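For the sequence shown, the tail end lands on 85 under the numbering used here, and the numbers increase by one without skipping. The beta-carbon is built from N, C-alpha and C at its ideal position, and this holds for glycine as well. Please read these numbers as outputs of a predicted model, since none were measured by experiment. See below for the structure under consideration.
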Amino acid sequence: MRLHIKNIGSLSDADIEIEGITIIAGENNIGKSTIGKSFYAFLNNMDAWHEIYEKQCQSNIVRYLNSKNTVLEDLCMSLSCRKI
2 MRLHIKNIGS
12 LSDADIEIEG
22 ITIIAGENNI
32 GKSTIGKSFY
42 AFLNNMDAWH
52 EIYEKQCQSN
62 IVRYLNSKNT
72 VLEDLCMSLS
82 CRKI
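Take a look at the structure:
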């Protein structure tokens, strides 16, 4: 997993690759805690990103069907008829 942090805390630009066990070490006030907090915030909000992605997909499908003047119910009926 790659984590890119820009202009957060003491980090102006950081690109971090996290694989397996990753150790972040260094002097005080260089951004170690900021990296950990950013990574935690990202992982903690993965469910929210999943919901946003699903809503965007649904919106794109509806927009596409509307552009083709297709009603979702009609599409489902035509697909179920093909199985016969």
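Bridge-paired residues (DSSP) for residue i
i  : result
K7 : D14
Three-state secondary structure (DSSP) of residue i
i   : result
E52 : helix
L66 : helix
I36 : helix
Y26 : The question names Tyr, yet the displayed sequence has Ala at residue 26. The answer is coil: DSSP assigns A26 none of H, G, I, E or B.
M78 : helix
N87 : Because the chain spans 2 through 85 in this model, residue 87 falls outside it and cannot be assessed.
Inter-residue CB distance, residue i and residue j (contact presumed, cutoff 8 Å)
i   : j   : result
I36 : I22 : About 15 Å; that fails the 8 Å criterion.
S39 : I6  : 5 Å
M2  : I19 : 5 Å
S11 : I31 : 7 Å
K33 : I24 : With a Cβ gap of about 10 Å, K33 and I24 do not count as contacting.
Neighbour-count burial assignment, residue i, 16 or more Cβ in a 10 Å radius
i   : result
S79 : exposed
The ligand FMN heavy atom lying under 7 Å from the CB of residue i
i   : result
F43 : What this structure holds is no ligand at all, so the ligand FMN is not there to describe.
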